[in-house]
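**Student:** Residue numbers (UniProt numbering): 1 to 140.
Just so it is clear, CB atoms sit at the ideal spot from N, CA and C, and this is done for glycine as well.
Since the model is a prediction, treat every value here as computed from it, not as a measurement.
Take this structure, written in structure tokens, and hold onto it; I'll ask about it next.
In structure tokens, the structure reads:
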């Protein structure tokens with residue numbers, strides 16, 4: 001059980017702080033594109049993560065996980081993590097919200113599923129960045 005509690009350290013709080021910034025910017029992008037521009041669920045949510053992932057990479061690399069190494073491998077691992085977390089989170093959220101809110105309108109279901117997807121993405125992304133994208137190498 002000790003290993004589980006080690007997840008709740010300074011890195012988590014820094015990650016959440018970076019996440020607040022990314023969430024504010026990304027939510028404006030995603031919900032604005034969906035509700036104001038009339039773009040669809042997948043395009044609106046994808047644009048959110050495409051645009052905010054660049055900011056997230058640099059803030060989490062240097063501020064949160066204090067990773068000073070630089071390699072194409074690390075960038076690729078970060079991109080793979082973002083892609084997998086996005087597909088899992090939003091792929092789970094949409095059918096889940098559709099099933100739970102089967103009598104509700106499409107706009108309400110999509111907005112709620114985008115919110116649920118954001119929450120799922122955050123948890124998965126933290127684990128992926130900490131233990132995959134920015135994990136210290138065995139040499140360190």
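Would you call the CB atoms of residue 101 and residue 112 closer than 8 Å?
**Tutor:** Closer than 8 Å, so yes.
**Student:** Could you say if the segment 16 to 30 and the segment 50 to 64 meet the contact criterion of at least three C-beta pairs nearer than 8 Å?
**Tutor:** Counting Cβ pairs under 8 Å, three or more are found: they touch.
**Student:** Going by other Cβ atoms of all chains shown within 10 Å of its Cβ, with 16 needed for buried, is residue 107 buried or exposed?
**Tutor:** Classification of residue 107: exposed, given that the 10 Å Cβ count is below 16.
**Student:** Please confirm whether residue 63 and residue 18 have their CB atoms less than 8 Å apart.
**Tutor:** Yes, the pair counts as a contact, with Cβ atoms nearer than the cut-off.
**Student:** Quick one: grab the DSSP three-state call for residue 134.
**Tutor:** Three-state result, residue 134: coil.
**Student:** For residue 132 and residue 81, which I take to be in contact (beta-carbon distance under 8 Å), what is that distance rounded to the nearest angstrom?
**Tutor:** At roughly 6 Å, the Cβ-Cβ gap stays under 8 Å, so residue 132 and residue 81 are in contact.
**Student:** Could you name the residues of the same chain whose beta carbon sits closer than 7 Å to that of residue 90, not counting the 5 residues immediately before and after it, in chain order?
**Tutor:** Result list for residue 90: 45 and 117, in chain order.
**Student:** Under a Cβ-count criterion, where at least 16 other Cβ atoms within 10 Å of its own Cβ denotes burial, should residue 121 be classed as buried or exposed?
**Tutor:** Buried is the call here.
**Student:** Below 8 Å on the Cβ atoms is my contact criterion, and I expect residue 94 with residue 41 to pass it. Report the Cβ-Cβ distance as a whole number of Å.
**Tutor:** The pair is a contact, with the Cβ atoms about 7 Å apart (cut-off 8 Å).
**Student:** Given this structure, state the Cα-to-Cα distance separating residue 140 from residue 69, to the nearest angstrom.
**Tutor:** With a pLDDT of 49 at residue 140, under the threshold of 50, the modelled position of that residue is not reliable, and no figure is offered here.
**Student:** How is residue 9 classed by DSSP in three states: helix, strand or coil?
**Tutor:** Three-state result, residue 9: coil.
**Student:** Can you tell me whether residue 56 is buried or exposed, with buried defined as 16 or more other CB within 10 angstroms of its CB?
**Tutor:** Result: buried.
**Student:** Using a 10 Å radius around the Cβ and a threshold of 16 neighbouring Cβ atoms, would you call residue 119 buried or exposed?
**Tutor:** Classification of residue 119: exposed, given that the 10 Å Cβ count is below 16.
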